[in-house]
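Read in order, the letters of the sequence shown correspond to residues 0 to 297 in numbering that gives the first Met the number 0. All C-beta atoms, glycine included, are put in the ideal place defined by N, C-alpha and C. Here the structure comes first, spelled out in C-alpha cells, and everything after it is commentary.
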Amino acid sequence: MNKSLEFTTTNRNALVLNYKGYQYTIKREYKIMNEWRCRRRPCTTSLSLCRNNISVIREPGHHTCIPPSPEKLVLDGALSRMKKRANEETLPIPQIYSQEIIKLRVNNPDMATGILFPLLDSIDASLYRKRAQNYPKIPKSIKELIIPDAWKLGTRGEPFLLVDEICMNIVFFFIKIFYYCSINGDDRLLMFASDWSIQYLSSCSQWHSDGTYKCRPLLFSQVYIIFGFNNMIIPCVYCLTTKQDEHVYSKILRNLLRIAQQKGIYFNPKRVTCDYELAAINAFQSVFPSVHVSGCFF
C-alpha cells in the first residue's frame, strides 16, 4: 500500500482519504477504480485510486480551497485510531482515549493538543457506538434477552452458562406457584460456573453467598454469587435473578446440586455465611439440612 495514503473516518463513520495535505471523500465507485473528491466544498478537485484503495491511478489537479491545517490531519488520525480500537479492543473507552492522547503528545511535542483535541465528553458517544457494533442490541425486556452461543462458553470452550430458565407465575386458590419452564414468562434465572469452579466448591466445607452488589444488569434484580472457602475465598457460581425470594434461592441450590451430580461431583458444606436475608437462610437449610448457616454483614 502507498505509505502516503492514510484513511480516517468522519463523525458518521464515512471513510476519509488523507493525501498530500488534503482530505477526500468517496465520490464514485467504478469496476476498476474509485474516484475521490476534495472534502472542502465547492472545490471539485479529485483523484482516482485502484479498486481496493491501495495505490493512486490518477493524481489530483489544482485545488481551489485552502488545505486543512497539519494539526487537523493529525487529530483526525488519532480519532480514527480511537474508533478502531474501541471496535476491536475491550479496554475501557476512557483508557483508550488517554493512551491515544499521550501517544499524540509524544509524537507531536510542538502541537498544542490540549487546546485542539476534543474532550472525552464530546466524542465518547461515537466511540461507544463503535464498540456497540460488536455486541447484540440491548433488550428492552427479559423476554427479549438472547445470549449468543459464543458467550455461553468459558475461556477453554467448556459450558459456562449452565442454567437459563424462564418462569411463569401461575395463581391457584390465591397461592402463587412458580413453574420453571422454557416458555415465555415474567421472571428469569441465569447461572454461570466453570467445571473448575464447581470442582473447587465441592472441596470446600465452608461457603459464602452474597447478593448485595449494587452493580447489576438493569433487567435483573440482583447478582447472586456463591463462594467457596478453602484457604482462600473464590467466587464459584454467578447468578442473575429477577426475584429475591426463597423459591429462587432454593432453585439455585437445587440446580447446582443437579449439575454437580451430572459431573460426578458432590457437595458437603458444613458452614455457610450469608447476609441476614431470611429467604436465603431458609433455602440453604432446606437444601442442606445439616449445614450451619450464620449471618454476617458485608
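Note: W35 is bridge-paired with I25 and L46 in the DSSP secondary-structure output. Where D194 is concerned, the enclosing alpha helix (DSSP H) starts and stops at D194 to S201. For S3, the closest alpha carbon among the candidates D163, S54, E157 and A77 is that of S54. Taking 7 Å as the cut-off, the Cβ atoms of S208 and I225 count as close. Per DSSP, I92 is one residue of the alpha helix (DSSP H) stretching across I92 to N106. Comparing C-alpha distances from R253 to each of P216, S285 and Y23 shows the shortest one belongs to S285. When DSSP reads this structure, Q221 sits in a beta bridge with T240. Of the residues D163, K129, Q132 and F159, the one whose Cα lies closest to the Cα of I145 is D163. In summary, M231 is exposed, with fewer than 16 beta-carbon neighbours lying within 10 Å of its beta-carbon over all protein chains present. Taking a contact as a CB-CB distance under 8 Å, the pair L14 and L74 does not count as one, their CB atoms being some 17 Å apart. Nearest neighbour of Y223 by Cα position, chosen from Q243, P135 and L72, turns out to be Q243. Under DSSP, G227 takes part in a beta bridge, and its partners are W206 and I233. With fewer than 16 other beta carbons inside 10 angstroms of its own, Q132 counts as exposed. Out of N281, Y21, C42 and R50, the CA that lies nearest to the CA of R27 is found in R50.
The DSSP-derived three-state label of E58 is coil. Inter-residue distance for R130 and E88 is about 8 Å (C-alpha atoms, whole angstroms).
DSSP, reduced to helix, strand and coil, places Y18 within a strand of the structure shown. Check the Cα spacing between H246 and each of D274, F283, A259 and I25: the tightest is with F283. The beta carbon of L239 sits closer than 7 Å to those of L189, P216, F219 and V222, all from its chain and outside the five residues before and after it, given in chain order.
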